[in-house]
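S.K.:
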Ligand SMILES: [Zn+2]
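Numbering (this note's numbering), first residue to last: 35 to 373.
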């Protein structure tokens with residue numbers, strides 16, 4: 035039995051040494067140490083061994099087992115390390131190869147223009163506030179002094195979800211929501227996407243962006259409005275820029291005005307860009323109508339304010355001299371990369 039054990043041990047160790055793959059090691063483990071393995075069968079034949087000899091043989095079997103297991107483990111580590119080294123050799127990176135170019139995106143002209151406008155107003159102490167694009171008729175129209183029979187509410191201009199819900203036609207409802215919170219004074223701009231049922235052409239789109247501003251405090255006058263917008267125009271179009279206020283009508287402001295700036299191409303002399311007039315229209319504005327304040331719970335005897343609204347696309351088109359609004363939505367990367 036001693037010889038038999040010795041033979042099994044030697045044979046096992048020889049086979050382990052000759053192994054060149056991890057799977058092969060597992061086969062050897064099963065063949066010698068498994069339930070039906072050779073070493074196990076020796077243990078099973080212990081009944082033929084005399085009682086005095088049994089502890090000795092048992093010890094020998096255990097020693098053989100330990101030796102085989104140790105050799106298996108050792109060889110396994112060696113093989114695993116070899117496999118890893120080979121894999122690393124296969125996967126080696128040639129750092130001298132030309133790098134794959136990362137395709138970095140580019141800010142959309144709308145985004146660049148919006149960040150510029152936000153920078154100007156935040157610099158003057160304004161907050162940037164956002165609100166829902168799907169809005170109650172109440173906030174989009176009624177609370178802005180646009181009653182039920184007003185032409186702006188026509189289905190030809192406005193997308194209705196149902197009788198009470200619309201896609202907002204302006205970002206003014208964000209101002210109403212801010213006023214209703216009752217925290218005064220207010221100095222805010224509300225940029226965002228708005229919707230009108232317009233056909234697509236060079237200057238119209240059913241979806242575009244607006245930036246509306248609102249200031250409410252004690253003793254706010256039209257002079258504050260003029261000063262603020264003149265400063266905005268100078269920051270945006272250059273320090274020589276002049277502004278002109280033309281009387282206009284909006285339901286939510288009284289008095290109301292449209293604002294022109296001197297053409298930044300010709301400086302006001304008149305050119306093809308400004309159609310010879312020297313002026314370019316950029317926004318609408320006015321003093322917040324007392325009734326609008328009242329509807330949002332603000333006392334018009336104590337507080338007053340001004341509001342203005344400017345089309346973001348209009349600014350992007352002017353600033354980057356783009357002559358067709360559709361270019362802003364086609365997202366042709368060759369076009370967008372110019373800005
Ligand atoms: Zn001009």
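Every residue gets a Cβ at the ideal spot worked out from N, C-alpha and C, and that includes glycine.
Ends of the alpha helix (DSSP H) at residue 258?
M.R.: Here residue 258 refers to the residue found at position 224 of the chain shown. Per DSSP, residue 258 belongs to the alpha helix (DSSP H) from 256–271.
S.K.: Listed in chain order, which residues are found with a beta carbon closer than 5 Å to a heavy atom of ligand 1?
M.R.: Any residue whose Cβ sits closer than 5 Å to a heavy atom of ligand 1 makes the list: 297, 299, 300, 305, 307, 308.
S.K.: Suppose the cutoff is 8 Å on Cβ atoms and the five residues either side in sequence are ignored; what does the same chain contact list for residue 101 look like?
M.R.: The count along the chain shown starts at 1 and reaches residue 101 at position 67. Closer than 8 Å at Cβ, skipping near neighbours: 43, 47.
S.K.: With a threshold of 16 other CB atoms inside 10 Å of the CB of residue 339, please say whether the residue is buried or exposed.
M.R.: Taking the chain shown and counting its residues from 1, the one referred to as residue 339 is at position 305. By the neighbour-count rule (16 or more Cβ atoms within 10 Å), residue 339 is buried.
S.K.: Does the beta-carbon distance from residue 208 to residue 174 come in below 7 Å?
M.R.: Residue 208 sits at position 174 when you count from the first residue of the chain shown. Residue 174 sits at position 140 when you count from the first residue of the chain shown. No. Outside cutoff.
S.K.: Among the residues of its own chain, which have a CB less than 8 Å from the CB of residue 205, if the five just before and after it don't count?
M.R.: In the chain shown, residue 205 corresponds to position 171, counting from 1. Result list for residue 205: 165, 224, 225, 226, 228, 244, 245, 246, 343, in chain order.
S.K.: In terms of alpha-carbon separation, which member of 81, 85, 99 lies closest to residue 65?
M.R.: Taking the first residue of the chain shown as 1, we reach residue 65 at position 31. Nearest of 81, 85, 99 to residue 65, Cα basis: 99.
S.K.: Going straight from the alpha carbon of residue 237 to that of residue 332, what length do you get?
M.R.: If you number the chain shown from 1, residue 237 lands on position 203. If you number the chain shown from 1, residue 332 lands on position 298. Each residue's alpha carbon lies about 37 Å from the other.
S.K.: Quick one: using the 10 Å Cβ neighbour count with 16 as the cut-off for buried, is residue 330 buried or exposed?
M.R.: Here residue 330 refers to the residue found at position 296 of the chain shown. By the neighbour-count rule (16 or more Cβ atoms within 10 Å), residue 330 is buried.
S.K.: With a CB to CB cut of under 8 Å and the five nearest residues on each side skipped, what residues in its chain are close to residue 304?
M.R.: In the chain shown, residue 304 corresponds to position 270, counting from 1. Closer than 8 Å at Cβ, skipping near neighbours: 297, 310, 311, 312.
S.K.: Using 10 angstroms around the beta-carbon of residue 177, count the other beta-carbons present and answer buried if the total reaches 16, otherwise exposed.
M.R.: Taking the first residue of the chain shown as position 1, residue 177 is located at position 143. When all chains shown are included, residue 177 counts as buried.
S.K.: Work out the CA separation of residue 143 and residue 157 for me, nearest whole Å.
M.R.: Here residue 157 corresponds to residue number 123 of the chain shown, with the count starting at 1. Here residue 143 corresponds to residue number 109 of the chain shown, with the count starting at 1. Going from the Cα of residue 157 to the Cα of residue 143 covers about 21 Å.
S.K.: Would DSSP call residue 325 helix, strand or coil?
M.R.: Counted from its first residue, the chain shown places residue 325 at position 291. It is helical.
S.K.: Can you tell me where the alpha helix (DSSP H) with residue 294 in it begins and where it stops?
M.R.: The residue you call residue 294 lines up with position 260 of the chain shown. It is not in any alpha helix (DSSP H) - residue 294 instead sits in the beta strand (DSSP E) that spans 287–296.
S.K.: Under the three-state reduction of DSSP, which class applies to residue 232: helix, strand or coil?
M.R.: As a first step, residue 232 is located in the chain shown; it is residue number 198 there, counting from the start. Coil.
S.K.: Going by C-alpha distance, which of 240, 248, 239, 211 is nearest residue 220?
M.R.: Here the question's residue 220 lines up with position 186 in the chain shown. Of 240, 248, 239, 211, the residue nearest in Cα terms is 248.
S.K.: Run the CB neighbour count on residue 75, radius 10 Å, all protein chains shown included, and call it buried at 16 or more, exposed below.
M.R.: As a working mapping, residue 75 is identified with position 41 in the chain shown. So residue 75 counts as exposed.
S.K.: Exposed or buried, which one is residue 109 when buried takes at least 16 other CB atoms within 10 Å?
M.R.: On the chain shown, position 75 is the one that residue 109 refers to. So residue 109 ends up on the buried side.
S.K.: My understanding is that residue 321 touches residue 288, with C-beta atoms under 8 Å, so please give their C-beta distance in whole angstroms.
M.R.: The residue you call residue 321 lines up with position 287 of the chain shown. The residue you call residue 288 lines up with position 254 of the chain shown. Yes, they are in contact, since the Cβ atoms of residue 321 and residue 288 sit about 6 Å apart, within 8 Å.
S.K.: Determine the direct distance from the alpha carbon of residue 326 to that of residue 367, and round the result to whole angstroms.
M.R.: Here residue 367 is taken as the residue at index 333 of the chain shown, counted from 1. Here residue 326 is taken as the residue at index 292 of the chain shown, counted from 1. Between residue 367 and residue 326, the C-alpha separation is close to 43 Å.
S.K.: Looking only at its chain, what residues have a beta carbon closer than 6 Å to the beta carbon of residue 275, apart from the 5 residues adjacent to it on each side?
M.R.: The residue given as residue 275 occupies position 241 in the chain shown. The answer, listed in chain order, is 267, 268, 295, 296.
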